[in-house]
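Read through the structure below, which is laid out as structure tokens, and then see the notes.
2 protein chains.
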Amino acid sequence: MKPEEMILVSIDDHIVEPADMFDSHVPAKWKDQAPKLLTGSNGVQAWQLENQVAGAIGMNAVVGWPKEEWGFDPTSLAEMRPGAYDVHERVRDMNVNGILGSMNFPSFVGFANNFLNGLENKELALALTQAYNDWHIDEWCAAYPDRFIPLAIPPVWDPKAIADEVRRTARKGVRAITMPELPHVMGHPSYHDMDYWKPFFDAVCDEGVVMCLHIGGGFGAISNAPDAPIDNLIILATQVSSMAAQDLLWGPAFHQYPDLKVAWSEAGIGWIPFYLDRCDRHYTNQRWLGHDFGDKLPSEIFKEHSLACYVTDPSALKLRDDIGIDVIAWECDYPHSDSIWPNAPEFVHTELVNAGCSDAEIDKITWENSCRFFGWDPFASRSREDATVGALRAQATDVDTSLMSKSEWRARYEAAAS
Amino acid sequence: MKPEEMILVSIDDHIVEPADMFDSHVPAKWKDQAPKLLTGSNGVQAWQLENQVAGAIGMNAVVGWPKEEWGFDPTSLAEMRPGAYDVHERVRDMNVNGILGSMNFPSFVGFANNFLNGLENKELALALTQAYNDWHIDEWCAAYPDRFIPLAIPPVWDPKAIADEVRRTARKGVRAITMPELPHVMGHPSYHDMDYWKPFFDAVCDEGVVMCLHIGGGFGAISNAPDAPIDNLIILATQVSSMAAQDLLWGPAFHQYPDLKVAWSEAGIGWIPFYLDRCDRHYTNQRWLGHDFGDKLPSEIFKEHSLACYVTDPSALKLRDDIGIDVIAWECDYPHSDSIWPNAPEFVHTELVNAGCSDAEIDKITWENSCRFFGWDPFASRSREDATVGALRAQATDVDTSLMSKSEWRARYEAAAS
Numbered sequence: 000m001k002p003e004e005m006i007l008v009s010i011d012d013h014i015v016e017p018a019d020m021f022d023s024h025v026p027a028k029w030k031d032q033a034p035k036l037l038t039g040s041n042g043v044q045a046w047q048l049e050n051q052v053a054g055a056i057g058m059n060a061v062v063g064w065p066k067e068e069w070g071f072d073p074t075s076l077a078e079m080r081p082g083a084y085d086v087h088e089r090v091r092d093m094n095v096n097g098i099l100g101s102m103n104f105p106s107f108v109g110f111a112n113n114f115l116n117g118l119e120n121k122e123l124a125l126a127l128t129q130a131y132n133d134w135h136i137d138e139w140c141a142a143y144p145d146r147f148i149p150l151a152i153p154p155v156w157d158p159k160a161i162a163d164e165v166r167r168t169a170r171k172g173v174r175a176i177t178m179p180e181l182p183h184v185m186g187h188p189s190y191h192d193m194d195y196w197k198p199f200f201d202a203v204c205d206e207g208v209v210m211c212l213h214i215g216g217g218f219g220a221i222s223n224a225p226d227a228p229i230d231n232l233i234i235l236a237t238q239v240s241s242m243a244a245q246d247l248l249w250g251p252a253f254h255q256y257p258d259l260k261v262a263w264s265e266a267g268i269g270w271i272p273f274y275l276d277r278c279d280r281h282y283t284n285q286r287w288l289g290h291d292f293g294d295k296l297p298s299e300i301f302k303e304h305s306l307a308c309y310v311t312d313p314s315a316l317k318l319r320d321d322i323g324i325d326v327i328a329w330e331c332d333y334p335h336s337d338s339i340w341p342n343a344p345e346f347v348h349t350e351l352v353n354a355g356c357s358d359a360e361i362d363k364i365t366w367e368n369s370c371r372f373f374g375w376d377p378f379a380s381r382s383r384e385d386a387t388v389g390a391l392r393a394q395a396t397d398v399d400t401s402l403m404s405k406s407e408w409r410a411r412y413e414a415a416a417s
Numbered sequence: 000m001k002p003e004e005m006i007l008v009s010i011d012d013h014i015v016e017p018a019d020m021f022d023s024h025v026p027a028k029w030k031d032q033a034p035k036l037l038t039g040s041n042g043v044q045a046w047q048l049e050n051q052v053a054g055a056i057g058m059n060a061v062v063g064w065p066k067e068e069w070g071f072d073p074t075s076l077a078e079m080r081p082g083a084y085d086v087h088e089r090v091r092d093m094n095v096n097g098i099l100g101s102m103n104f105p106s107f108v109g110f111a112n113n114f115l116n117g118l119e120n121k122e123l124a125l126a127l128t129q130a131y132n133d134w135h136i137d138e139w140c141a142a143y144p145d146r147f148i149p150l151a152i153p154p155v156w157d158p159k160a161i162a163d164e165v166r167r168t169a170r171k172g173v174r175a176i177t178m179p180e181l182p183h184v185m186g187h188p189s190y191h192d193m194d195y196w197k198p199f200f201d202a203v204c205d206e207g208v209v210m211c212l213h214i215g216g217g218f219g220a221i222s223n224a225p226d227a228p229i230d231n232l233i234i235l236a237t238q239v240s241s242m243a244a245q246d247l248l249w250g251p252a253f254h255q256y257p258d259l260k261v262a263w264s265e266a267g268i269g270w271i272p273f274y275l276d277r278c279d280r281h282y283t284n285q286r287w288l289g290h291d292f293g294d295k296l297p298s299e300i301f302k303e304h305s306l307a308c309y310v311t312d313p314s315a316l317k318l319r320d321d322i323g324i325d326v327i328a329w330e331c332d333y334p335h336s337d338s339i340w341p342n343a344p345e346f347v348h349t350e351l352v353n354a355g356c357s358d359a360e361i362d363k364i365t366w367e368n369s370c371r372f373f374g375w376d377p378f379a380s381r382s383r384e385d386a387t388v389g390a391l392r393a394q395a396t397d398v399d400t401s402l403m404s405k406s407e408w409r410a411r412y413e414a415a416a417s
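Going line by line, the protein sequences match chains B and Y. In terms of numbering that gives the first Met the number 0, the first sequence has 235 at position 236, counting the first letter as 1, and numbering is strictly consecutive. In terms of numbering that gives the first Met the number 0, the second sequence has 87 at position 88, counting the first letter as 1, and numbering is strictly consecutive.
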């Protein structure tokens, strides 16, 4: 298989929410209280809601910038590559990168809807959550239904409300919901508390909706050195995935819900063989602790429930048989600094070939596993031949992929607006 | 190579300190104030010092017990296999397990001398630390100098005092010092603070003494779910090693001290390829963060400083070339529940052969790497032929390895005492 013959479905990318996203979706009662994207005198934009201000409208949305301008800093839509917030430009950027399908996580509300979680008026918070999801489903994804796998955000403060939202959005085509890695870090009961989380687990299992645990949300579970550099955040964020896995695998959830499906979004895959070896050794060796996995090993149970998502993991791919070849799925992470754009096909192909993957294994990792796990048919409206990297790139010959500084992006943005 | 032809040097085992350990080593001034091993009315023993009581005299020292009796519970010397606290019995247990050499970590004082760290009278705490080390070096290790690699505990509250103790004990043959994984979790400055830790780093580099970071000490850096089972502690303890690595590799220590040597004790090895891939990708991709490793990758620098110690890690051994074949060292963890006794040779051999290791690779992992790293000559007083598993086991044909209940051990102990 050559890079242009691959099919790429990325199950973790990010939307930077556009300014008008709430306009058509907030009930009249709450219209005036929807979050607003305000621009400060310094040109920095931020979403504001009551007394809350979101930290960054497009955290780390650096795609298209030269590296010396990269940062976590909040900025404005004007300075970003439009594919970050404009769905038509997004699809063009997917085409030029050979990406057929994509699942898009939120930006300013946080991976577990942390922003609305902080709102005191829970009726308003729920209405805005639903508005967010309606915008995501009915505008963003609906513009190109054959290119996006819809993902909901949860009213995370109320498991019954989450369950209702899972069922409501599932009827509209949602295939996944983004949930906190470690809810106790947000001040909610942990996933060990099955009385509390029962409505949520019931709903996702009934509806076949995947629970996505994106790295970053649970980072507060690590007490870093007070003088540690910001590198710690990026390098160690994946360590939290094993903590989250621990709560689901060694708590009651995986046992009580055999159909529960969890995507370890951007978690990487290298932690898994080490973690599973340790689980199996611990289970078979330390029987005095009384845990009972029945006739299976914890590693088998983990694999039955999991999709492990990585951007780049060259060493770990060599252990694909230990991880489970049906468990691994590639992701792009556009438009963040860890994303691979616009040369994902060549990068991914090289890494998979260097790890010794066969063509069949490449297909599993780049699209088959994720399409099966999320129940998304990539060929619903196009043939396989029209879904390849080469076919998509042929539609994107006019996409300019050159790097431009923030100020150049801003100049273009302002020219287009005037 | 057959199991009986292997040479095994274990660089992480544990002493359960005997009751008389302070008798000959505390200066007259402090004689009455040394910790005392007291027995409660329930038969449970605990070390007491002023108002402090150590949690367990032999945490998890379960070797020789049937599995249904395993536990973390504090118990008494009477119920343990005598190899836990009696050096002569220890060497017999090493012989029957084919172990030539061993480094022994403390029990009741904690891996970073946490117990004495809590003492207000720092002059007394220092005297007791020195007494501990003198006992370890002059009694325990000196009884069989060809079988033990001496390891010091630090007066961890004062880097200048640690430095003095490193130099003092190095003159007496000490090759390593056990330090906190994450000192900020103990309330001390982190390893990023080079002004604070300079005396310590100077001393270990001057003396060629290895800094051992044993898992468990930094576990408090993880905010577990309040209702998580105890399994979390055992399974996730190794996740802290990457946090500790982060502070040394991405902080100034490895850069400022090219001779600094760190043993990742009981950390396992599976976290390393994943961690190093992520470090290298982060470094080469996220240059905006400004870190400068000169003409090397962070993975290269990590390997120059590290000895990675594992008990069992079947998947990760297949990535030995990514970890570094000169970086990996096996350990036994006697007498804890994770230890492999008395069949370590067969267990280790099977795991290494299954991973495809050559004889030369087996030698590196089972003894060469650790002997080089700690500067310990395993053949100083015996030939290689007399150092093999087979040769040692031939001296231990009378060692009874059958499992016995706590009550049986107690009956034997009391019979021997009377």
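Cβ coordinates follow ideal geometry from the N, Cα and C atoms, glycine included.
Taking C-beta to C-beta, are residue i and residue j nearer than 8 Å?
i, j, result
"B/Pro65", "B/Leu402", "yes"
"B/Glu265", "B/Val310", "yes"
"B/Ser241", "Y/Gln32", "no"
"Y/Cys278", "Y/Leu248", "yes"
"Y/Ala175", "Y/Ala60", "no"
"Y/Phe110", "Y/Gly216", "yes"
"B/Ile10", "B/Ile214", "no"
"Y/Ser380", "Y/Asp145", "yes"
"Y/Asp12", "Y/Asn103", "yes"
"B/Lys28", "B/Gln47", "no"
"Y/Gly207", "Y/Gly374", "yes"
"B/Trp270", "Y/Phe273", "yes"
"Y/Ile136", "Y/Gly100", "no"
"Y/Trp287", "B/Gly54", "no"
"B/Leu150", "B/Glu180", "no"
"B/Val25", "B/Ser75", "no"
Do we get a CB-CB distance below 8 Å when we pair residue i with the residues of chain B?
i, result
"Y/Ser305", "no"
"Y/Glu360", "no"
"Y/Leu288", "yes"
"Y/Thr237", "yes"
"Y/Ala18", "no"
"Y/Asn284", "yes"
"Y/Ser9", "no"
"Y/Leu318", "yes"
"Y/Asn231", "yes"
"Y/Arg91", "no"
"Y/Val184", "yes"
"Y/Thr74", "no"
"Y/Cys204", "no"
"Y/Arg280", "yes"
From the beta carbon of residue i, is the nearest beta carbon of chain Y less than 8 Å away?
i, result
"B/Gln255", "no"
"B/Cys331", "no"
"B/Asn342", "no"
"B/Asp201", "no"
"B/Thr400", "no"
Decide if residue i is buried, meaning its Cβ has at least 16 other Cβ atoms within 10 Å, or exposed.
i, result
"B/Asp276", "buried"
"B/His87", "exposed"
"B/Ser40", "exposed"
Spell out whether any CB of chain D is found under 8 Å from the CB atom of residue i.
i, result
"B/Trp408", "Structure shown: chain D not included; protein chains present are B and Y."
Rounded C-beta distance between residue i and residue j? I'm assuming under 8 Å.
i, j, result
"B/Asn353", "B/Ile327", "With a Cβ gap of about 15 Å, B/Asn353 and B/Ile327 do not count as contacting."
Any 3 or more C-beta pairs closer than 8 Å across the region 403-414 of chain B and the region 357-376 of chain B: no
Contact between the region 317-337 of chain B and the region 91-106 of chain B (3+ Cβ pairs under 8 Å): yes
Inter-stretch contact (C-beta, 8 Å, three-pair minimum) for the region 339-349 of chain Y and the region 1-9 of chain Y: yes
Cβ contact check for the region 211-221 of chain B and the region 220-230 of chain Y: 3 or more pairs under 8 Å: yes
Cβ pair count under 8 Å reaching 3, the region 116-127 of chain Y against the region 76-83 of chain Y: no
Three or more C-beta pairs below 8 Å linking the region 228-237 of chain B and the region 189-209 of chain B: no
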